[in-house]
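The structure appears below as structure tokens.
There are 2 protein chains.
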Amino acid sequence: MPRSTIEFWFDFASTYSYVSLMRADELIVTSGLRVKYMPFLLGPIFRAQGWDSSPFNVYPAKGKYMWRDMERLCARYGLPLKRPDTFPPFALLATRVALAAREEGFLAAYCKAVFHAEYGLGRDITDKQLIAAILEQVGADPVRWLEKAGEEATKQALKDRVDAAQAKGIFGAPTFITPDGELFWGNDRLEQALEWVLRRR
Amino acid sequence: MPRSTIEFWFDFASTYSYVSLMRADELIVTSGLRVKYMPFLLGPIFRAQGWDSSPFNVYPAKGKYMWRDMERLCARYGLPLKRPDTFPPFALLATRVALAAREEGFLAAYCKAVFHAEYGLGRDITDKQLIAAILEQVGADPVRWLEKAGEEATKQALKDRVDAAQAKGIFGAPTFITPDGELFWGNDRLEQALEWVLRRR
């Protein structure tokens, strides 16, 4: 991995990943660094820890706090926030599309648009029509990419990515990984991850 | 509660509480605010969530990350860090002394000295001699306060405090509570808690 690229591991179901992804581009680019978006699924990792849902559902006090914290953070960053009807949203389709398009130039715009629809507007990202509209919006062919999302190679690529996350010690999202292998977990660590890379370049 | 006082809820066993408590005084005082230290025990709250130990032991990937994160944070803040042999340390005695002394002027100095011994020097805070030495160091009578720590009224005060923490929706430490009742969880939220109060004074 180039010495100036930060890996940004996230799950579309993760609220704090929404906040991070919306502000990462600007922060990383103004730092002179690059970002590699690494969408993955936390579900299998949570299940391995014995949770059958988001920890924010498993632990209600934590969940209540998280939504209040999100309100404050979104106000601070000037981001819209609307809670979707179902939490956590089932992000499999959105994530497979992102994996299918992992080398494409539109990936960053796609990820932002998904998060904006989901947590900015409270829309249902399991809806294929919504994902198609987002693909169109970012200049990608909806038919082609939805088809690729369903291919065996894409499914396998996603499984491999979840395995890689687990092997790297990732247990939550967002997680930022520096070129020298440091993990920084949480939206509140984005700046520290950037500093880490800048001090070592 | 006065409009300029932040409640700082912490557990002596909590590593991130160590980092926060060491830097809170300076930050809060230079902000023109006051702090009320609220030591409590997370154990009963964790047990109610189904954990029989620290989440950093229950979830090894999280634990591994936490220690690395602590190394980085302590380097950033210029704090010593030495891992005690037993984690989490059993903080009952240290906490009962703090509850007994909850209205005393030496409370802040005592709490700092306990954390410094525990996570700065890696010493065993279940050791009564150590707690006695710390009390002496902060100008308090060790015999008197160790005796008060064992009194029924102190034990009850600690139980009441844990109940109060749970009632307030506290699920981790450190937690900062503002005069208008906002909860901020985590060392990384200390600055945001201060800003919150300063903007509303």
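First to last, the protein sequences are chains Y and U. When you line the first sequence up against numbering that gives the first Met the number 0, it's residues 0 to 200, in that order. When you line the second sequence up against numbering that gives the first Met the number 0, it's residues 0 to 200, in that order. We put the CB at the ideal spot given by N, CA and C, even for glycine. Since we're looking at a predicted model, the values are computed, not measured.
- When beta bridges are read from the DSSP output, Tyr36(Y) appears opposite Phe7(Y).
- Against chain Y, the CB of Phe170(U) has a partner CB under 8 angstroms away; the residue lies at that interface.
- Phe183(U) has its alpha-carbon roughly 8 angstroms from the corresponding atom of Gln191(U).
- Selection Pro173(Y), Arg198(Y), Arg200(Y) and Arg199(Y) evaluated against Lys35(Y) yields Pro173(Y) as nearest (Cα-Cα).
- Residues of chain Y with a Cβ closer than 7 angstroms to the Cβ of Ala60(U) are, in chain order, Gly168 and Phe170.
- Boundaries of the alpha helix (DSSP H) around Ile130(U): Lys127 to Gln136.
- Counting other Cβ atoms within 10 Å of its Cβ, Pro59(U) stays below 16 and is therefore classed as exposed.
- Contact note: Asp187(Y) reaches chain U through Gly185, Asp187 and Arg188, using a C-beta cutoff of 8 angstroms and chain order.
- Within 8 angstroms of the CB of Leu182(U), the CB atoms of chain Y belong to Tyr64 and Arg67, in sequence order along the chain.
- The Cβ atoms of Phe9(Y) and Leu20(Y) sit closer than 8 angstroms to each other.
- Within 7 angstroms of the CB of Gln155(Y), no CB atom of chain U is found; the nearest one sits about 24 angstroms away.
- In chain order, Val57, Tyr58, Ala60 and Lys61 make up the part of chain U whose C-beta sits under 9 angstroms from the C-beta of Gln48(Y).
- Phe105(Y) is not a Cβ neighbour of Val142(Y), given a cutoff of 8 angstroms.
- For the pair Glu117(U) and Phe11(U), the CB atoms are nearer than the 8 angstroms cut-off.
- Within the model, the alpha-carbon separation for Leu120(Y) versus Thr85(U) is close to 47 angstroms.
- Nearest C-alpha to Cys73(U) among Lys63(U), Val57(U), Pro83(U) and Arg22(U): Arg22(U).
- For Ile176(Y), DSSP records a beta bridge to Glu6(Y) and Leu182(Y).
- Under the DSSP assignment, Phe55(Y) falls in the alpha helix (DSSP H) whose first and last residues are Pro54 to Val57.
- Note that the C-beta distance between Val57(U) and Trp66(U) is not below 8 angstroms.
- Comparing alpha carbon positions, the residue from Lys81(U), Arg122(U) and Tyr76(U) closest to Asn186(U) is Tyr76(U).
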